[in-house]
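Heads up: the sequence shown is residues 9 to 489, going by this note's numbering.
The beta-carbon is built from N, C-alpha and C at its ideal position, and this holds for glycine as well.
Data first, discussion second: the structure below is written as structure tokens.
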Amino acid sequence: MSSLSAAEMGEGDGNTRLCTLETVKEGPRRQLKVMSIVGLCYFAVCGGPIGSEYIISAGGPLIGFIFLLLFPFIFGIPIAYVTAELSTTYPQDGGYTVWVLNALGPFWAFQTGYWAWVSGVIDNAIYPALAVATFTDVYGSINSPVAEYFIKAAIALALALPNLLGIRIVGRGMAVMSVFVMIPFTVLFFWGVIRANDWGAVGEIRRADIVYNDNGDFVSMSGSIIDWSLLINTLFWNFNGAVGMSVFGGEVSNPGHTYPRALLISVLLVALTYLVPLYGATVFNSPHWTTWEEGSFSSIAEGIGGSFLSNWVVLATFCSNAGMYIAELFCDSFQILGMAECGLAPAFLAARNKRFNTPHNAVFASLVIILVLIKFEFDEILGMTNALSAFYQLLILVAFIKLRFSQPEIERPFKVPGNIAVLIIALLVPTGLLIYIAVDVFFSLVPALLVVGMTLIGLLYARWRKFTRAQFRQLAANTES
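Listed below in structure tokens is the structure:
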């Protein structure tokens, strides 16, 4: 272990390595293999096409499909490669918090972990809302806001149980659920193509003035406008999450082999998950694509295959939301557990259940925030979670480049090809996208105020704690001994 010369909270030039592939040992904790990671990543990133409808309605099918084809290559794969390199270099719980701790010091490591955790629990508040939105889209609205809240709360509490019952259960369950979720949407694609009645819709762009008749059916469009904010935010939300696979690195078997394969498979699978059913829905085009919003796949399925396909999609949607919720809570819990093990969060959050080895205190801490946030609307939550996610991922990219300079000697079982200049160029587009997402939230008053408030809490807490590198040098020494 190299000596650490800096004690400042915001500086990072020492080697605060708590765990590397050189020191990792296979043991009973390391139970997750390639397909388990694929299942977790699938649900952490997308969990099915539900929630992707705005990609088409915000920009039109032509723009939407172009971006769906480009996004995996300009954002998904670069982020997955960065995650694979650093996850195999530092294979321990906490993931990107540990990367930033090594690169930029404890102050920014705490901000990274705090932003990621808050972003994750905000994101998790979306899934009960999506499940309820899908139900009401088919079966009618819930008239009482109080009843709607308690239904969402019941869903949130029930879906927390798998995270309290064991790591292997979650990993294997996600792999099985991913197959189950995609079956009805594959049927929707083929059925939609067979019954297609508007092949020209694929080439359409969203217009400013859309006219509907008294029945709500599409009549005409004029003018030209693309809702870039909604389009980019929806794309980001639907492809974001692969970096979260790093936070349970201490539970992954043979991380040098598992991570690169699982992440590449996941990115390609996610892209197909959106492209295939959205194409089938577009060429059938009833209801018209201009009316699509979150939860519209159930109405689309009813138009294509009647109540049979609609009910099947509703069931798959509930399973998808359940899987995304479980996977996100799994990542959030291990991320804050890793922070606690590193001394960046209160020690009680590092506690594990003696029987199931699960981070029960971290799960409960996440649930408290989720139960507060489930009353917010989808679009308000989307901007907040995306902005905070962009904040911490910008720090991750900075840490990735910094570690190539500061720790060139450390073993990297998977290394992104290219020198520093090539890597910087390759990350320009993801960086620009993250900056756009981070800034865009400030054009909406309530989400902007909430983001500022939560950010200030993290900054003030870290200043109050007065983190120093000496604390983490001692922690690293104790861990290795």
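If you reduce the DSSP assignment to three classes, tell me which class residue i lands in.
i    : result
L436 : helix
D206 : coil
F475 : coil
A131 : It is worth fixing the name first, because residue 131 is Asp in this sequence and not Ala. DSSP places D131 in helix when its eight states are reduced to three.
D101 : strand
K423 : coil
I85  : helix
P354 : coil
V255 : coil
H368 : helix
E385 : coil
N110 : helix
A300 : Sequence inspection shows Trp at residue 300; the Ala mentioned does not correspond to that position. Residue state, collapsed to three classes: coil.
G55  : coil
N293 : coil
I213 : coil
S452 : coil
T31  : Interpretation of T31 is limited by its pLDDT of 43, a score under 50 that renders its predicted location unreliable; no figure is taken from the coordinates.
P285 : helix
I418 : coil
I378 : helix
R360 : coil
Y469 : helix
I233 : coil
Out of the options, which one is the CA nearest neighbour of residue i?
i    : options                   : result
I377 : Y122, N248, T476 and S315 : Y122
L411 : N427, V447 and Q100       : N427
L78  : A162, Y89, I240 and Y157  : I240
E336 : I45, F51 and L40          : F51
L492 : V195, S318 and N171       : Examination of residue 492 is not possible in this model, given that the chain is present from 9 through 489 alone.
V291 : G391, F451 and E212       : E212
V255 : Q415, G55 and Q100        : Q100
F81  : F247, L381 and N365       : F247
A353 : L138, A111, F118 and D235 : F118
V251 : I63, I87 and I175         : I87
A161 : L317, S341 and F384       : F384
P416 : S65, I64 and E93          : E93
L76  : V454, V210 and A395       : V210
P136 : L381, T281 and M462       : L381
F493 : F244, T393 and T439       : What the structure shows of the chain is the stretch from 9 to 489, and residue 493 is not part of that stretch, so it cannot be assessed.
L196 : L283, I334 and P367       : L283
F143 : V126, W125, I163 and V129 : I163
V129 : L431, A470, L390 and S60  : L390
F73  : P295, A348, H368 and L243 : L243
G208 : P69, W320, G148 and E349  : P69
Y104 : I159, L436 and L405       : L405
Y400 : P285, F193 and T463       : T463
E259 : R176, N293 and S307       : R176
P285 : S274, L317, A270 and K362 : L317
A407 : L109, E61, D145 and I64   : L109
L277 : K41, F326 and C49         : C49
A6   : G303, D340 and Y267       : Residue 6 falls outside the range modelled here, since the chain spans only 9 to 489, and no answer is possible.
Y333 : V53, L40 and Q39          : V53
E156 : L402, A139, K362 and I433 : A139
Which residues share a DSSP beta bridge with residue i?
i    : result
L403 : Answer is none; L403 lacks a bridge partner.
A40  : Reading off the sequence shown, one finds Leu at residue 40, where the question assumed Ala. Beta-bridge pairing links L40 to V260.
Which first and last residues belong to the alpha helix (DSSP H) in which residue i is found?
i    : result
I334 : F305 to E349
F244 : W236 to F247
F79  : P69 to F79
I64  : E61 to S65
P170 : P170 to L173
So with Cβ pairs under 8 Å, would you call residue i a contact of chain B?
i    : result
M253 : This model lacks chain B altogether, as it is built from one protein chain only.
Q: Kindly provide the ranges of any alpha helix (DSSP H) runs that are 4 or more residues long and lie completely inside the stretch 119–168, ordered along the chain.
A: 134–147 and 153–166
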